[in-house]
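A.B. asks: For the sequence shown, UniProt numbering begins at 1 and goes up steadily by one. Below is the structure I would like to discuss, written out as structure tokens.
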Amino acid sequence: MDRRGGITQTDLEYMLHDEDAEPMALPFPLLEKITDYFSDELIIGRGGCAVVYKAILDNGVLAVKRLPNTYMYEEQFHREVECLMKVKHKNIVRFLGYCADTQGNMGSYNGKMVMADVQQRLLCFEYLPRGSLDHYITDSSGGLEWVKRFQVIKGICEGLNYLHQNNIMHLDLKPGNILLDEDMMPKITDFGLSRCFEEDQTRVITKNVGGTLGYLAPEFHEGEITHKFDVYSLGVIIMEMLTGKKRCESIADVRESWSYKSDILWWDQIRVCAEIGIECTDLKPANRPESMKHIIDRLLSTECSTHVIPVGGPNKLLVLPKAAIVWCCDA
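Next comes the structure, spelled out in structure tokens:
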């Protein structure tokens with residue numbers, strides 16, 4: 001730290017390589033410096049009204065998310081910091097710190113010079129070089145072999161299970177909010193819409209349900225939030241991972257996507273993932289899997305099974321309930 005007790009760039013560089021380091025308040029001038037004063041050339045992403053910058057250190061790279069300088073984003077900022085300060089898991093993006101500075105700037109207003117408060121609200125994360133899952137999910141963008149897809153599905157499930165065990169509902173789970181490291185390990189990010197439940201709380205009724213259409217559970221119309229909300233979003237992602245398409249037209253797309261690929265040794269895993277995806281996207285929350293642990297156990301069971309293709313090939317193996325065909329029309 002410097003003589004005034006603030007975090008220095010050296011401190012931040014040390015934190016980057018210390019997995020046990022706790023997130024800390026970071027000074028705005030430091031974040032300005034490492035992003036080259038928020039240079040447009042260092043922009044690596046945009047989400048909502050926030051902008052994400054690559055931050056350059058002497059011994060590594062960080063990602064800095066900058067929210068707009070308006071009071072309307074104050075609740076989102078506090079909610080995200082509250083959730084991020086509580087989590088530490090291999091499938092959750094690592095949070096290094098935040099900036100909540102308010103500065104007085106002189107400016108002209110109605111012909112007079114006045115002092116106005118300018119809020120600076122920023123979040124600092126580990127940098128993940130492969131970007132978000134939505135860049136890899138479709139076959140047209142290169143796609144992923146099945147082993148990698150299964151690794152991603154399982155990692156998302158493990159990250160979501162950790163959140164739910166800690167009474168955190170993400171509420172905006174989608175491929176764009178899942179980042180990938182060098183080894184294609186998925187890490188859930190963007191907690192701006194998340195809710196932290198009390199220890200014995202199981203649901204919340206609210207008029208302010210955000211999220212992304214196509215991934216929102218049907219019950220968002222009623223403003224009811226439970227852990228099944230995230231389970232639905234997970235199901236949509238799993239079906240996209242299975243078909244390589246942004247929107248599944250029918251369960252036949254799953255068969256079509258894998259019928260002519262070399263991943264035929266993994267048909268049992270593909271079948272189980274398809275079943276899970278369909279169950280997760282049931283229109284009725286009560287019919288979705290009861291917990292993320294239950295889903296993970298089913299995924300793990302396929303890693304121990306013998307990968308034998310049944311007589312009749314994939315068409316025989318991927319026979320799912322009629323409800324599977326209904327999903328695509330209601331997601």
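Here a beta-carbon is modelled for each residue, glycine too, at the ideal position from N, C-alpha and C. Small disclaimer: the values here were computed from a predicted structure and weren't measured.
Could you give the first and the last residue of the continuous beta strand (DSSP E) run that contains Ile-44?
C.D. replies: Run containing Ile-44: 43-47, per the beta strand (DSSP E) assignment.
A.B. asks: Count Cβ pairs between the stretch 230-237 and the stretch 168-175 that sit closer than 8 Å; are there 3 or more?
C.D. replies: Contact between the stretch 230-237 and the stretch 168-175 is present, because at least three Cβ pairs lie under 8 Å.
A.B. asks: Going by C-alpha to C-alpha distance, which of Lys-90, Gln-120, Ala-63 and Ser-301 sits closest to His-78?
C.D. replies: It is Gln-120 whose Cα lies nearest to the Cα of His-78.
A.B. asks: List the whole-angstrom C-beta distance separating Glu-126 from Leu-62, where the pair is believed to meet the contact cut-off of C-beta under 8 Å.
C.D. replies: With a Cβ gap of about 7 Å, Glu-126 and Leu-62 count as contacting.
A.B. asks: Starting from the C-beta of Ile-56, find all residues in its chain whose C-beta is less than 7 Å away, skip the five residues before and the five after it, and write them out in chain order.
C.D. replies: Same-chain partners within the cutoff: Ile-34.
A.B. asks: What is the DSSP secondary structure of residue 333, reduced to helix, strand or coil?
C.D. replies: An answer regarding residue 333 cannot be provided, because it is not within the stretch 1 to 331 covered by the chain.
A.B. asks: Roughly how far, in whole angstroms, is the beta-carbon of Lys-187 from the beta-carbon of Leu-144, given that I think they are within contact range, below 8 Å?
C.D. replies: At roughly 16 Å, the Cβ-Cβ gap does not stay under 8 Å, so Lys-187 and Leu-144 are not in contact.
A.B. asks: What does DSSP give as the partner residue(s) for Cys-124 in the beta ladder?
C.D. replies: Beta-bridge pairing links Cys-124 to Val-64 and Gly-97.
A.B. asks: What are the boundary residues of the alpha helix (DSSP H) that includes Tyr-53?
C.D. replies: No alpha helix (DSSP H) contains Tyr-53, which is instead part of the beta strand (DSSP E) from 50-57.
A.B. asks: DSSP has Cys-157 in a bridge; who is on the other side?
C.D. replies: Cys-157 is not bridged to any residue.
A.B. asks: Using the C-alpha atoms, what's the distance from Thr-102 back to Thr-8?
C.D. replies: Cα-Cα distance, rounded: 19 Å.
A.B. asks: Should the stretch 209-229 be regarded as contacting the stretch 269-279, the criterion being three or more beta carbon pairs within less than 8 Å?
C.D. replies: Segments in contact, no.
A.B. asks: Could you check what DSSP says for Gln-201 in three-state terms: helix, strand or coil?
C.D. replies: Three-state DSSP puts Gln-201 in coil, outside helix and strand.
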